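Notes to accompany the following structure.
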Amino acid sequence: MKKRIVLAFGTRPEAIKMAPVYLALKKRETIEPLILLTGQHRTQLEQALAIFGVPYERNLDVMTDRQTLPGLAARILPGIAQALHDLRADYVLVHGDTLTTFVSAWAAFLERIPVGHVEAGLRSGSMSEPFPEEANRVLTDALCDTFFAPTEGARDNLLKSGAHPERIWVTGQTAVDAILFASKQGRLPECVPPSGRVVTVTLHRRENWPVLGALAERLAAVANAHSDWTFVFPVHLNPIVREAVMPALSACENVKLIDPLEYGQMAALLARSSLILTDSGGLQEEGASLGVPVAVVRNVTERPEGVQAGIVTLLGNEPETAMNSFAALMDDEARIRSMARSKNPYGDGYASERIASALEERIKNE
Ligand code: UD1
Ligand code: UDP
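Listed below in structure tokens is the structure:
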């Protein structure tokens, strides 16, 4: 009998990095993969799944406007527990570091169903950055019995936290699988000019909320001073983010403030960009995969491999310093070229197949 593996996820980045895992599991004779969505995101989740064509069994549809973290956790926990029971889950897979990740792993743990963590072991070393993601990831790892670590560094972090070496597989990042798949299919958004240099911008992290308005004001000044560049900024649907960044940037002609893009279009935009300016986790991996330098508006990153490889630079999140450093990077063509030549530390596009093989091995004696 096939083992019923439930992939539980609910936000944009989880969907993008778990869809390739579902597709790889689907090819295995011993496994029946089933997708269970929390619906922590709504539109952004649909946009992320659109190009993969993966079906889901159930969507708890928990998202509310301006949801709070405790309220969200309280809606996810019983819903996931009941759905795992209804779907007769033999095993659960969660991904990454969102509230959905931790609460789904906790629900499975409480139901005594073993859980595997895809993208396990990343650590920034600070519980306040990224917030609350560092805690989500640490807590999830504490509940899981199998770990799919994207890099050797993530494996080392897991070993330090006491994980058993035989339960850790180093697989590469499924973000690489996803971006390679998507960049072959997407078409560029209409606002992207046919020629000239482009920067993709995304900013949304909770720990950056207090400085988002000031970051946007400084970014407007950088854009005004670089009228030969186009800045394409798909703005997260969170009203807190939109209210902070849109007023400061809406008057800049060369800043295209647009709604979030379907993943295929996003992949095409990233591939067309000379630089990425972001506080996202996933974009650090995608920039590294596409050879597009990434400037990160954070003080620390749980993805140090990109910095070590040279494709990622940390700007901090103090608005004036961060945006002055970014403007200096834009003006330094030689540095941009040298960053772009870095080797991708995140994998080769076969992480999902490795996860499927490891999982088959893990469950064969269950
Ligand atoms: C969440 C994750 C974060 C991840 C990010 C990816 C947590 C605590 N945070 O943060 O780790 O990096 O997703 O984007 O799990 N909204 C919509 N439509 C959507 C999605 C969001 O309207 O499709 C709005 C809603 O008003 C919602 C708000 O955005 O209440 C915040 O969404 P939420 O998932 O709580 O936080 P994110 O900042 O998206
Ligand atoms: N993304 C997308 N459309 C957008 C913005 C981002 O498809 O308009 C993709 C992006 O390419 C990456 C993922 O969403 O794969 C990153 O998600 P997000 O920034 O929301 O979360 P994080 O990576 O910070 O957890």
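Okay, so the sequence shown: first residue is 135 according to the numbering used here, each after it adds one. Every residue, glycine too, gets a C-beta built ideally from N, C-alpha and C. Remember, predicted model here, so these are calculated numbers, not experimental data.
>> Could you tell me the alpha carbon to alpha carbon distance between Pro438 and Pro427, rounded to whole angstroms?
In response: Residue 438 sits at position 304 when you count from the first residue of the sequence shown. Residue 427 sits at position 293 when you count from the first residue of the sequence shown. Computed Cα separation, rounded: 14 Å.
> Which residue from Ala468, Trp303, Glu436 puts its Cα closest to that of Ile489?
Replying inline: To locate residue 489, count along the sequence shown from 1; it is residue 355. Ranking the options by Cα distance to Ile489, first place goes to Trp303.
>> If we require 3 or more residues per run, which beta strand (DSSP E) segments fall completely within the region 386–439?
In response: Secondary structure remark: continuous beta strand (DSSP E) runs of at least 3 residues inside the region 386–439, in chain order: 389–392, 409–412, 428–430.
>> Are the CB atoms of Ile185 and Ala316 within a distance shorter than 7 Å?
In response: Here residue 316 refers to the residue found at position 182 of the sequence shown. Here residue 185 refers to the residue found at position 51 of the sequence shown. Yes, Cβ-Cβ distance for Ala316 and Ile185 is below 7 Å.
> Taking 6 Å as the line, does the beta carbon of Ile150 fall inside it for any heavy atom of the ligand UDP?
Replying inline: Stepping through the sequence shown from its first residue, residue 150 is reached at position 16. Ile150: yes, Cβ under 6 Å from the ligand UDP.
>> If you reduce the DSSP assignment to three classes, tell me which class Pro479 lands in.
In response: For the purposes of this step, residue 479 is taken as the residue at position 345 of the sequence shown. Reduced to three states, the DSSP call for Pro479 is coil.
>> Looking only at its chain, what residues have a beta carbon closer than 6 Å to the beta carbon of Cys386, apart from the 5 residues adjacent to it on each side?
In response: As a first step, residue 386 must be located in the sequence shown, where it is residue number 252. When the five nearest sequence neighbours on each side are left out, the beta carbons in the same chain lying within less than 6 Å of the beta carbon of Cys386 are those of Ala354, Ala357, in order along the chain.
>> Check whether chain C comes within 7 Å of Ala485, counting only Cβ atoms and requiring the distance to be less than that.
In response: Of the protein chains in the structure, only one exists, and it is not chain C.
>> Residues in the same chain with beta-carbon distance under 7 Å from Ile313, minus the five sequence neighbours each way, listed in chain order, please.
In response: The residue given as residue 313 occupies position 179 in the sequence shown. If we look at Ile313 and ignore the five residues flanking it on each side, its Cβ neighbours are Ala401, Glu420, Ser423, Leu424.
> Would the beta-carbon of Phe236 fall within 7 Å of that of Thr274?
Replying inline: Taking the first residue of the sequence shown as position 1, residue 236 is located at position 102. Taking the first residue of the sequence shown as position 1, residue 274 is located at position 140. A contact, by the Cβ cut-off of 7 Å.
> What do you reckon, are the CB atoms on Ala239 and Leu277 nearer than 7 Å?
Replying inline: Here the question's residue 239 lines up with position 105 in the sequence shown. Here the question's residue 277 lines up with position 143 in the sequence shown. Yes, the pair counts as a contact, with Cβ atoms nearer than the cut-off.
> Hey, Leu170 and Ala142 are a contact pair by Cβ (cut 8 Å); roughly how many whole angstroms apart?
Replying inline: In the sequence shown, residue 170 corresponds to position 36, counting from 1. In the sequence shown, residue 142 corresponds to position 8, counting from 1. Confirmed, about 5 Å.
>> Assuming the contact rule is C-beta atoms closer than 8 Å, Leu322 and Gln399 should be a hit. Round their C-beta distance to whole Å, please.
In response: Along the sequence shown, one-based indexing puts residue 322 at 188. Along the sequence shown, one-based indexing puts residue 399 at 265. Indeed, because the Cβ distance is near 7 Å, the residues count as touching under 8 Å.
> Within the present structure, is the beta-carbon of Ser414 separated from the nearest heavy atom of the ligand UDP by less than 6 Å?
Replying inline: The sequence position of residue 414 within the sequence shown is 280, counting from 1. Answer for Ser414: yes, Cβ within range of the ligand UDP.
> Which residue or residues does DSSP assign as beta-bridge partners of His360?
Replying inline: For the purposes of this step, residue 360 is taken as residue 226 along the sequence shown, with counting starting at 1. The partner list for His360 (beta bridge, DSSP) is empty, contrary to what the question assumes.
> Can you name the residues that DSSP bridges to Val446?
Replying inline: As a working note, residue 446 is residue 312 in the sequence shown. DSSP output for Val446 lists Val428 as bridge partner(s).
> Hey, which unbroken runs of the alpha helix (DSSP H) at 4 residues or more fall wholly within the region 162–211?
Replying inline: 177–183
> Based on Cα-Cα distance, which residue from Gly306, Pro264, Arg376, His219 lies nearest to Ala254?
Replying inline: Within the sequence shown, numbered from 1, the residue matching residue 254 stands at position 120. The shortest Cα separation from Ala254 among Gly306, Pro264, Arg376, His219 belongs to Gly306.
> Would you call the region 336–350 and the region 444–457 touching, i.e. three or more CB-CB distances under 8 Å?
Replying inline: yes
>> For the alpha helix (DSSP H) containing Ile497, name the first residue and the last one.
In response: Within the sequence shown, residue 497 is the residue found at index 363, counting from 1. From DSSP, the alpha helix (DSSP H) with Ile497 extends over 485–497.
> Roughly how many whole angstroms lie between the Cα atoms of Thr334 and Lys477?
Replying inline: Position 200 of the sequence shown, counted from the first residue, corresponds to residue 334. Position 343 of the sequence shown, counted from the first residue, corresponds to residue 477. Straight-line Cα distance between these residues: approximately 21 Å.
> DSSP on Leu292, reduced to helix/strand/coil?
Replying inline: Taking the sequence shown and counting its residues from 1, the one referred to as residue 292 is at position 158. Helix at Leu292.
> Just how far apart, CA to CA, sit Trp363 and Ile410?
Replying inline: On the sequence shown, position 229 is the one that residue 363 refers to. On the sequence shown, position 276 is the one that residue 410 refers to. Using only the alpha carbons, I get a separation of about 12 Å.
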